[in-house]
Amino acid sequence: MNALRHRIAAEKPPVMRLLRQTRFFSAEEIHVAEELINIHWLENKAQEEHGRFVMIETSSQEKYQATRTFYLKTRDQEYARIADFHHPGDDRMIYVKYLGQNGSMKPNG
């Protein structure tokens, strides 16, 4: 994992600098782009290491609805829900993206 940290540390700043210099994106959009870069590199690293899937966790709170929708649109599957995990009424949502050749999904099994 250290190699990945070094790779992100080396490659991310120029991309982030470019996003800021365009003055086209809002601060929130730049933050989202940074998170997407992290997710992209993590998925690629998992594939390079012959990983079978990546797992992402979030909250069931309404304010995270856009996040959950994003995960579903990017081929993640809702894998599990742990009721009242964070506190009563706030479940932990677990999403899994199965990795295959060229990032294609593998069925559960």
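Numbered per this note's numbering, the sequence shown spans residues 97 to 205. Think of the CB as a built atom: it goes at the ideal place given N, C-alpha and C, for glycine as much as any other residue.
Assumed close pair residue i, residue j - CB separation to whole angstroms, cut-off 8 Å
{"i": "Met189", "j": "Glu174", "result": "7 Å"}
{"i": "Phe121", "j": "Leu115", "result": "6 Å"}
{"i": "Met112", "j": "Glu130", "result": "6 Å"}
Residues of its chain near residue i, where Cβ-Cβ distance is below 7 Å and the 5 sequence neighbours each way are ignored
{"i": "Thr163", "result": "Thr154"}
{"i": "Ala176", "result": "Ile190"}
{"i": "Met97", "result": "The pLDDT assigned to Met97 is 49, lower than 50, so where the model puts this residue is not dependable; a value taken from the coordinates is nonetheless given after this. Answer for Met97: no residue qualifies."}
{"i": "Tyr167", "result": "Ile152, Tyr191"}
Distance between residue j and residue i (C-alpha atoms, nearest Å)
{"i": "Lys141", "j": "Pro110", "result": "20 Å"}
{"i": "Asn134", "j": "Glu144", "result": "15 Å"}
{"i": "Leu138", "j": "Val128", "result": "15 Å"}
{"i": "His136", "j": "Ala106", "result": "15 Å"}
{"i": "Pro184", "j": "Arg119", "result": "42 Å"}
Neighbourhood of residue i by C-beta distance below 8 Å, restricted to the same chain and skipping five residues each side
{"i": "Asp186", "result": "Ser155, Ser156, Gln157, Asp180"}
Bridge partner(s) assigned by DSSP for residue i
{"i": "Met189", "result": "Thr154, Arg177"}
TODO: Output the residue ranges of the alpha helix (DSSP H) runs that lie fully inside the region 121-184 and measure 4 residues or longer, sorted by chain position.
DONE: If we require 4 residues or more, the alpha helix (DSSP H) runs fully inside the region 121-184 come out as 123-144, 161-169.
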